[in-house]
Amino acid sequence: MQRGEGFFDENKYSKWLLVVVICMGVAIGGYLYYSSIAIGGTSDNGMWKANYKKNSDETVGGWIGHLQQKSGGKVMIKEVSFTDNGKTVVEHKGFTEGKSEDGSVTKLNPLSTDFYLGDPPKKEHVYKLHITWEKKDSPRQILFF
Numbered sequence: 016m017q018r019g020e021g022f023f024d025e026n027k028y029s030k031w032l033l034v035v036v037i038c039m040g041v042a043i044g045g046y047l048y049y050s051s052i053a054i055g056g057t058s059d060n061g062m063w064k065a066n067y068k069k070n071s072d073e074t075v076g077g078w079i080g081h082l083q084q085k086s087g088g089k090v091m092i093k094e095v096s097f098t099d100n101g102k103t104v105v106e107h108k109g110f111t112e113g114k115s116e117d118g119s120v121t122k123l124n125p126l127s128t129d130f131y132l133g134d135p136p137k138k139e140h141v142y143k144l145h146i147t148w149e150k151k152d153s154p155r156q157i158l159f160f
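Just so you know, the sequence shown maps onto residues 16 to 160 in our numbering.
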């Protein structure tokens, strides 16, 4: 039997292997790209950290925003709002500690809460998180993302 004949043809095998490797590379690259999309950041003063990413709970689906206080001691949160191109998407006032009916858990001092459950972020849109809080009777506000 000569080379290239019979059951094992090296050229056919190489071509199929190349096709399989390329398909796997595209699939893995696509998965990594779409699973890692998230927006988020830390405030300039380092006190707040927030992210908006795909919800890992498949039963709920959608995207979820989470806000966490990293420093600053005891504060009273007055308002948290999330905007998309300047339009308010969601606004929360009067935070209380505990579990809400949608299953999200809010902790106070330091604050840790989910602030939005919605659609994926859109390209070319500007998202901002506005936080208004009070510390020692002095109101403060910060804006970031």
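All residues carry an ideal CB built from backbone N, CA and C; glycine is no exception.
Using C-beta distances below 6 Å, list every residue in its chain close to residue i, excluding the 5 sequence neighbours before and after it, in chain order.
i      : result
Ile92  : Phe110, Leu126, Trp148
Tyr131 : Gly80, Phe97, Val105
Given a cut-off of 8 Å on the beta-carbon distance, is the pair residue i and residue j in contact?
i      : j      : result
Tyr67  : Ile54  : yes
Ile157 : Ser86  : no
Asn77  : Asp152 : Before going on, a small fix: residue 77 reads as Gly here, not Asn. No, they are not a contact pair.
Val120 : His107 : no
Asn124 : Lys102 : no
Leu82  : Leu144 : yes
State the DSSP-derived secondary structure class of residue i, mapped to helix, strand or coil.
i      : result
Leu33  : helix
Lys150 : strand
Leu158 : strand
Gly44  : helix
Lys27  : helix
Met91  : strand
Could you pull out every residue in the same chain whose Cβ sits closer than 8 Å to the Cβ of residue i, ignoring the five residues on either side in sequence?
i      : result
Lys122 : Glu112, Thr128
Met62  : Gln84, Lys85, Ser86, Gly87, Ile157
Pro154 : Lys93, Thr147, Trp148
Lys150 : Gly87, Gly88, Lys89, Val90, Met91
With 16 other CB atoms within 10 Å as the buried threshold, where does residue i fall?
i      : result
Met39  : exposed
Ile52  : exposed
Ile37  : exposed
Ile146 : buried
Which same chain residues end up closer than 7 Å to residue i when comparing Cβ atoms and leaving out the 5 residues on each side of it in sequence?
i      : result
Val34  : none
Gly56  : Ala65, Phe159, Phe160
Asn100 : His140, Val141
Lys114 : Val120
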